[in-house]
Structure formats: structure tokens, C-alpha cells
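What follows is one structure encoded as C-alpha cells, with my remarks underneath.
In my numbering, the protein residues as written are 952 to 1428.
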């Protein structure tokens, strides 16, 4: 007999879900977990619903498939985990059991309830909605009596359909704007996620040529060491001067949340986006569609057109100014730690940063060369960096993962290190300690204490080769 749990598990598998994160010990969830395992999906057990939601969000973002969490009747903390997924624009399906839909409506794209007759429809709809641009979390609630009830499997598509082709009129308007521009600036945003997007964006900026600012979530779409990548959109004076010099901003895949202050009033704006804007603006040209296809359609239209006329020396000076170390002692210490770690790690290493201004500045020292290699949540979710790093390691087992955090955040969430240890991957956690005192890791971690930035590099290199979870503590300034 096929049950509702079987239909839900089948829908997740057909959507491409890589792993299901489950709150351990919840008896009501056992039939779903059993169905998931029968369907061949890996299951990762954690102790809290917020952790399950965060790990599902990170998994979904890095694999480009719906992440999945089963939280059962657990309510405590689930909203915080869902808020993480929502702010991070992460595709996740979070399955609860008998939890009122109103409890998390504010932090999800939708809250849906399953009945035996509609199970196949709603799991397909949840997966499609989570992956519809812009991505986001969807909660699916199963009333307890329905979990083992008979259900009819229906082969409904669990992935969203392809985006519509870009409008030719909008493409022609985009060409007119670009052709009239002498100082085109490209801003790359968090909706540029795939290697395919990156493969089209880089030749576009090189052909113009145009300097690039990346939002924090889009680091690596154009490799940070590329001479045209000047800095980040939320950077300092150098980036603001570049924005002031531009006469056209080409915003490629920029989420409105990533430009909360809007664009300079006297600059033209061209939006290339996979997500139709909620509030269309009459003062800018918007081209909606698959980003690779948009740029592919623009390429022949721009052939033979005038090039941008930036002062190369000025761009170089702005890039140097944007990469200058911060001056505040704590910011500088974190920056130097990240800088040293980047020199010692191979290309492809994923860096996960704790939320906060210290790490927002320090993350600029991490040169990402591909999408997804530099991760920092936009939400005020202190303490989640370690579990996000564990999820990144599960999603990308072939890559090294380094987490940067501070002892205050680990004290705020003391059980999160246990999550890293439980999955056993060689996640390396770098802790900048408070008030100069070293952070003492749990017994199941290799521990290294650096008394200064100068001694950090050698210990970090040793920890990299440990082959197990490790913590390198660095004395604070």
C-alpha cells in the first residue's frame, strides 16, 4: 500500500533533493523517515528544528535542488531556521506534523497542508514553489492521521518549468542603453547562482569591458581576483566612488534585498533578472528570463557596438583601495586571519562566515573563484555558521570547508559544534577568541591555539591536514 509518507518521499526524490535533515527522536516523523530511506534518500539526524531548517537551506542552495527538513511536532526554534532560509533565498521544503500553518507564514513563501487525496499535488507544488524564482522556504504540514493513510501516487512534475524567453523588445531597449553608455558598471547579485550563469557573465563584462561589483551572495560569479572585479556592493568609499562614476548600472540577478538603498538617482539602470520584479519601475529597463539566455541573446545584438571608456588606472586604484585592510583592531585581526587562511587553502574551498559586521568586512579577504564559495547569511542569525559549514560539507564532500566565527557566537549556540562532530567531515573552524583568551573545543575536535596572527598560519596548515573536525583558536586583539 502506498501511503502519504511514501508519496511525499517520492516527490522529494523526483525533485532532486540530495539529503533530508530530520529532528531525531520525534516518533510522529518515523513513518516519513522510513519512507524517505526506502526511497534511497540519505537522512541526517539533528537535535533541533532550527538546525534542521538551516542545514536544509544550505544544502538546497549549494545543490540547486529543494533542501528538505522534517521537524515533526517540534516548534521551538523552527521560525528562526525558516527565517535564515527566507533571508538567504534558499530553496527548502520543511515538513511539520500537526503544527498550525499560521505559526510560520511570515517567514515562508507558503504554508500548505496535505490531505490523502492531494498528497502528490501538494508535495509537487511545494518543491516547485521552493525552486521558483526567487527561491525560498515552503512549509508543508501533515496532520498526524494522514501520514500512514493510503494515497494515490501521481507522476506530477516536482521541478518548475523553464523560464519564458526574454522579450525581444526589452532586449532591444537594453542594447540601446548599453550602446549609449560610456561608463557601464555591472553589479552581480545573488540570483546568479549557477556555473552556467557565470560562464555567460564573465565574457559579457570582458567584452564591454565593464568593472564589476558583486553583492556578498554573488562572490565568485566573476572570480574575485579578476582585474575587473573591484569590490562588493556593500563595501566602502571605493565602491561608492565607482557607483558615482557610472552612467549605467547593469544589475544582473540582483535581488531587491541586496540593494536596500536603491541605485544613485542620476544613473540609468538595466535589470537582467530571472524573477519578475514585484514592483516594476517605469524609470528602468528590465529583461526577465534565464540569465544565460538573456546574455546569449544580447551578444549578437551588441557585436560591433561601442565599448565602454573607463580609465584603467583609476579602476586599478579603486580595486586597491577596496581591498585595503580595515583599521579597527578587531576587524583587522579577523581580516588577517581570513587572508592567511585563503593563502593556505586550495581553489574550490568553501568559506562560511558568522553573521555580523566583523565578518562582513573580513570576508573581503577571501577570494572566491566560483559561485557558492563564500557564504554569509543576511539574517541576524548568530551562531548558525558552524551548522551551515557542516551542511556545506555534506553538500560538497569533494571540497574543503572552513568556518570563521568567534567564541561569543559559539557560546550563544554551544550545541552546534556537536552537529559538526556528528557528521565527522573535516570541517575546519577558525575562532577569533574574545578578550585574548583561547577557545577550548570539545574533546571530539582537534584543537590548536594560536597566540598571534603570526603563529596562526602554521597551526592552520597543520589543522588542514588533520582529516577530522578541527578548531583553530586565535587570540583576539
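The C-beta atom is built at its ideal place from N, Cα and C for all residues, glycine as well.
Computed from a predicted model, the values in this text were never measured in an experiment.
Residue 1096 classed as buried or exposed, judged by whether at least 16 other C-beta atoms fall within 10 angstroms: Residue burial is scored here from C-beta neighbours: residue 1096 has fewer than 16 other C-beta atoms within 10 angstroms and is therefore classed as exposed.
Residue 1116 versus 1053, 1223, 1194, 1306, residue with shortest Cα-Cα distance: Residue 1116 has its Cα closest to that of 1223, out of 1053, 1223, 1194, 1306.
Residue burial classification, residue 1254 (beta-carbon count within 10 angstroms, cutoff 16): Residue 1254 counts as exposed, since fewer than 16 other C-beta atoms from the protein chains shown sit within 10 angstroms of its C-beta.
Option nearest residue 1082 by Cα separation, candidates 1171, 1241, 1016: Restricting attention to 1171, 1241, 1016, the CA atom closest to the CA of residue 1082 is found in 1016.
Nearest-angstrom beta carbon gap, residue 1213 and residue 1169 [assumed within contact, 8 Å]: The beta carbons of residue 1169 and residue 1213 sit about 18 Å from each other, so the pair does not count as a contact at 8 Å.
Run of the beta strand (DSSP E) containing residue 1326, from where it starts to where it stops: Where residue 1326 is concerned, the enclosing beta strand (DSSP E) stretches over 1325–1327.
Opposing strand residues paired with residue 1398 [DSSP bridges]: The beta-bridge partner set that DSSP reports for residue 1398 consists of 1422.
Which of helix, strand or coil DSSP assigns to residue 1149: In this structure, residue 1149 counts as helix in the three-state DSSP scheme.
Alpha-carbon spacing of residue 1380 relative to residue 1241, whole angstroms: Taking the straight line joining both Cα atoms gives about 36 Å.
Euclidean distance between Cα positions of residue 1372 and residue 1305: Using only the alpha carbons, I get a separation of about 18 Å.
Distance CB(residue 1084)-CB(residue 1211) smaller than 9 Å: Cβ atoms of residue 1084 and residue 1211: not closer than 9 Å.
Sub-9 Å separation of residue 1324 and residue 1360 beta-carbons: No, the pair does not count as a contact, with Cβ atoms beyond the cut-off.
Check whether residue 1378 and residue 1006 have beta carbons under 9 Å apart: Contact flag unset, no.
Coil, strand or helix - residue 996 by DSSP: It is a strand residue.
Identified DSSP bridge partners for residue 1101: Answer is 954.
Of the listed residues 1344, 1362, 1425, nearest to residue 1419 (C-alpha basis): Considering only alpha carbons, the answer is 1344.
Endpoints, the alpha helix (DSSP H) within which residue 1446 is located: What is shown of the chain runs 952 to 1428, which leaves residue 1446 out entirely.
Residue of 1200, 1416, 1019 minimising C-alpha distance to residue 1002: Nearest option by C-alpha distance: 1019.
Outcome for residue 1057 when other beta-carbon atoms lying within 10 angstroms are tallied against a minimum of 16: Exposed is the call here.
Complete runs of the beta strand (DSSP E) confined to the stretch 1201–1278 [at least 3 residues]: The qualifying runs are 1219–1224, 1236–1239.
In chain order, each beta strand (DSSP E) run of at least 3 residues that lies wholly inside the stretch 1011–1065: Counting whole runs of 3 or more residues, the stretch 1011–1065 contains the beta strand (DSSP E) stretches 1018–1023, 1043–1048, 1061–1064.
For residue 1407, three-class secondary structure by DSSP: Under the three-state reduction of DSSP, residue 1407 is assigned to helix.
According to DSSP, residues forming a beta bridge with residue 1370: DSSP output for residue 1370 lists no bridge partner at all.
Residue 1092 - DSSP class collapsed to helix/strand/coil: In this structure, residue 1092 counts as strand in the three-state DSSP scheme.
Nearest candidate by alpha-carbon position, reference residue 1366, set 1350, 1133, 958, 1336: Out of 1350, 1133, 958, 1336, the CA that lies nearest to the CA of residue 1366 is found in 1336.
Neighbour-count burial assignment, residue 1327, 16 or more Cβ in a 10 Å radius: Buried is the label assigned to residue 1327, since at least 16 other Cβ atoms lie within 10 Å of its Cβ.
C-beta atoms of residue 990 and residue 974 nearer than 9 Å: Between residue 990 and residue 974, the CB-CB gap reaches or exceeds 9 Å.
Inter-stretch contact at 8 Å, needing at least 3 Cβ pairs: the stretch 1278–1287 / the stretch 1306–1316: Verdict: yes, contact present.
Outcome for residue 1265 when other beta-carbon atoms lying within 10 angstroms are tallied against a minimum of 16: An exposed status is given to residue 1265, since fewer than 16 other beta-carbon atoms sit within 10 Å of its beta-carbon.
When 1309, 1061, 1249 are compared against residue 1120, the one with the closest alpha-carbon: Closest by C-alpha distance to residue 1120, out of 1309, 1061, 1249, is 1249.
Three-state secondary structure (DSSP) of residue 1068: Assignment of residue 1068 by DSSP, reduced to helix, strand and coil, places it in the helix class.
Anticipated Cβ contact below 8 Å, residue 1437 with residue 1319, distance rounded: There is no way to answer for residue 1437, as the model of the chain reaches only from 952 to 1428.
Cβ neighbour criterion (16 or more within 10 Å) applied to residue 1191: Its Cβ having fewer than 16 others within 10 Å, residue 1191 is exposed.
Sufficient close CB pairs (3 or more, under 8 Å) joining the stretch 1091–1105 to the stretch 1057–1077: Three or more pairs of CB atoms, one per stretch, sit closer than 8 Å, so the stretch 1091–1105 contacts the stretch 1057–1077.
Minimum C-alpha distance to residue 1127 - residue among 1256, 1399, 1155: Comparing alpha-carbon positions, the option among 1256, 1399, 1155 lying closest to residue 1127 turns out to be 1256.
Inter-residue Cα distance where the pair is residue 1403 and residue 1301: Cα to Cα, residue 1403 sits roughly 24 Å from residue 1301.
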